[in-house]
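Chemist: The listed protein sequences derive, respectively, from chains A and B. Residue numbers 27 to 189, in my numbering, belong to the letters of the first sequence in order. Residue numbers 2 to 138, in my numbering, belong to the letters of the second sequence in order. Ideal Cβ placement from N, Cα and C applies to all residues, glycine included. Being a predicted model, the structure only gives us computed values, none of them experimental. Got a structure for you, written out below as structure tokens; questions coming shortly.
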Amino acid sequence: MHSLTARSFPLRRPRGVLPMARGAGPAGPRQVFCYHCDHPLTVGAMAMSTNCPGCNKPIILEDIVVKSYKAVFNVETCGKLIVKKGGRVVAQKRIVAHAGIESDGVIQCKTAITGSHVRLGKKSEWRGDLRTPTLIVEPGAKIQTSHFSVPDDPLEHLKKNDQ
Amino acid sequence: MADPAVNETVIGSDTTIKGDMTVESRARILGKFEGTIRAKGHLEIADAAQCRADVETGTVQIDGTMQGNITASDKAQLNATARVSGDLVAAKLIVAEGAAFTGHVSVGPDAVKGSGHHTPTPPAPPAPDASDKSGKK
């Protein structure tokens, strides 16, 4: 078992985990927050990973796409977590996806924290606590007993401080 | 246009009710309600409605403010203006973007079966062999 953290992910991408296609992101620089220390940083639109100037730890900026079974400790990214149909993410600890989660597969975790919307598709399954500002559940999604807190934007205080 | 054959219970926007309510078909809450609601059909909590109640129903559509546990044997729909605090058990859940929710969630056909909260059914008639057992001894 390994972790989809910056330590392993950009250098040695696990099987079944694909990065977002280039050119799909927004144009121009964008601001993100380090998921280790909440330090704000401005990165290029196409940047896939960088080091946080606050804590000097590596952080992933790209979207993580899962198309198969993936068992990890943590899933952490400043981008999106996208679980395709047939994909299954089992995170022993937490999922942090600052740009949101889109799932048509199975997600299992202890806690998931996002700074943007979470969409659970009609064939998706969810197990784990969730804190998100926006939740979209399509009919047919299965949710095993979990604590949901919506809206609860974990990045809200960071955005306020930044303004 | 509403079907005249279907009875609908409407609690008006200037009404406050405290207590238990059992509805056979449809209910619509526009005002305030505190207590328990059991509806076999459809329950609608309108935009300006405030509800502090435990709800057991077939389907529920929430546009207003709701505080309490919800058990929907068929479908629960939280629209964009919904503000819900409490535990939710439903066979199907639809949450629109903008809805606020805090509580434990269980969704799926198995969740309703396992919850132990069902729409109340009429009591079964007593078993005919109840007296026979005592007679045998």
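Under 8 Å Cβ-Cβ, which residues of chain A neighbour residue 86(B)?
Modeler: The contacting residues do not exist; residue 86(B) stays about 10 Å from chain A at best.
Chemist: List, from N- to C-terminal side, the beta strand (DSSP E) runs of 3 residues or more that fit wholly inside the segment 79 to 117 of chain A.
Modeler: Taken in chain order, the complete beta strand (DSSP E) segments of 3 or more residues contained in the segment 79 to 117 of chain A are 84 to 86, 90 to 92, 95 to 103, 107 to 109 and 114 to 117.
Chemist: Give me the chain B residues within the contact set of residue 168(A), using Cβ-Cβ distance strictly less than 7 Å, ordered along the chain.
Modeler: Residue 168(A) reaches chain B at 108 and 109, counting residues in chain order whose Cβ is nearer than 7 Å.
Chemist: Could you tell me if residue 159(A) is buried or exposed, where buried requires 16 or more neighbouring beta carbons within 10 angstroms of its beta carbon?
Modeler: buried
Chemist: Just tell me which of 170(A), 145(A), 175(A) and 85(A) has its CA closest to the CA of residue 114(B).
Modeler: 170(A)
Chemist: Tell me which residue opens and which closes the beta strand (DSSP E) that residue 62(A) is part of.
Modeler: Segment: none, residue 62(A) is in no beta strand (DSSP E) and carries neither H nor E.
Chemist: Return the chain-ordered list of same chain residues with a C-beta closer than 6 Å to the C-beta of residue 106(B), the five sequence neighbours on each side being excluded.
Modeler: 89
Chemist: List the endpoints of the continuous beta strand (DSSP E) containing residue 75(B).
Modeler: Here the beta strand (DSSP E) through residue 75(B) covers 71 to 79.
Chemist: What are the boundary residues of the beta strand (DSSP E) that residue 105(B) is part of?
Modeler: 101 to 108
Chemist: Below 9 Å between beta carbons is the criterion; list the residues of the segment 57 to 83 of chain B that meet it against any residue of chain A, in chain order.
Modeler: 76, 78 and 79
Chemist: Quick check on this structure: which residue in 83(A), 116(A), 82(A) and 71(A) has the alpha carbon closest to the alpha carbon of residue 92(A)?
Modeler: 116(A)
Chemist: Name the one or two DSSP bridge partners that residue 23(B) has.
Modeler: Paired residues: 39(B).
Chemist: Starting from the beta carbon of residue 102(B), find every residue of chain A whose beta carbon is closer than 9 Å, and list them in chain order.
Modeler: 161, 174, 175, 176 and 177
Chemist: Taking residue 23(B) as the reference, which of 14(B), 54(B) and 31(B) has the closest Cα?
Modeler: 54(B)
Chemist: Is residue 25(B) buried or exposed, if buried means 16 or more other CB atoms sit within 10 Å of its CB?
Modeler: exposed
Chemist: Looking only at its own chain, which residues have a Cβ that is under 7 Å from the Cβ of residue 110(B), when we skip the five neighbours before and after it?
Modeler: Once the five neighbours on either side are set aside, the close Cβ partners of residue 110(B) are 92.
Chemist: Count the other C-beta atoms from every protein chain shown that fall within 10 angstroms of the C-beta of residue 98(B), then say buried if there are 16 or more, exposed otherwise.
Modeler: exposed
Chemist: If you check the beta carbons only, do residue 119(A) and residue 136(A) fall under 7 Å apart?
Modeler: yes
Chemist: Between residue 102(A) and the ligand ATP, is the CB less than 6 Å from at least one heavy atom?
Modeler: The ligand ATP is not part of the structure shown, which contains no ligands of any sort.
Chemist: From the beta carbon of residue 68(A), is the nearest beta carbon of chain B less than 7 Å away?
Modeler: no
Chemist: Quick check: residue 95(B) and residue 165(A), are their CB atoms within less than 7 Å of each other?
Modeler: yes
Chemist: Just verifying my parser: in three-state terms, what is the DSSP assignment at residue 149(A)?
Modeler: coil
Chemist: Within a Cβ cutoff of 7 Å, which residues of the same chain sit near residue 32(B), ignoring the five residues on either side of it in sequence?
Modeler: Short of 7 Å from the beta carbon of residue 32(B), and not among the five residues preceding or following it, lie these beta carbons of its own chain, in chain order: 12, 13, 14, 15, 16, 17 and 50.
Chemist: Return the chain-ordered list of same chain residues with a C-beta closer than 8 Å to the C-beta of residue 47(A), the five sequence neighbours on each side being excluded.
Modeler: Per-residue confidence for residue 47(A) stands at a pLDDT of 45, beneath the threshold of 50, marking its modelled position as unreliable; no derived number is given.
Chemist: What are the start and end residues of the beta strand (DSSP E) that includes residue 77(A)?
Modeler: Where residue 77(A) is concerned, the enclosing beta strand (DSSP E) starts and stops at 75 to 77.
Chemist: If the cut is a Cβ gap below 7 Å, which residues of chain E does residue 93(B) touch?
Modeler: In the displayed structure, chain E is absent; the protein chains listed are A and B.
Chemist: DSSP state of residue 49(A), grouped into three classes?
Modeler: Annotation note: pLDDT 45 at residue 49(A) (below 50); position unreliable, coordinate value reported separately. Note: residue 49(A) maps to coil in three-state DSSP.
Chemist: Straight-line CA distance for residue 64(A) to residue 29(B)?
Modeler: Computed Cα separation, rounded: 45 Å.
Chemist: I'd like to know if the segment 138 to 152 of chain A and the segment 71 to 86 of chain B are in contact, where contact means that at least 3 CB-CB pairs between them fall below 8 Å.
Modeler: In short, these stretches do not touch, since the Cβ pair count stays below three.
Chemist: For residue 20(B), count neighbouring Cβ atoms within 10 angstroms of its own Cβ and tell me buried if that reaches 16, exposed if not.
Modeler: exposed
Chemist: In three-state terms, what does DSSP make of residue 119(A)?
Modeler: Note: residue 119(A) maps to coil in three-state DSSP.
Chemist: Do the CB positions of residue 64(B) and residue 47(B) come within less than 7 Å of each other?
Modeler: yes
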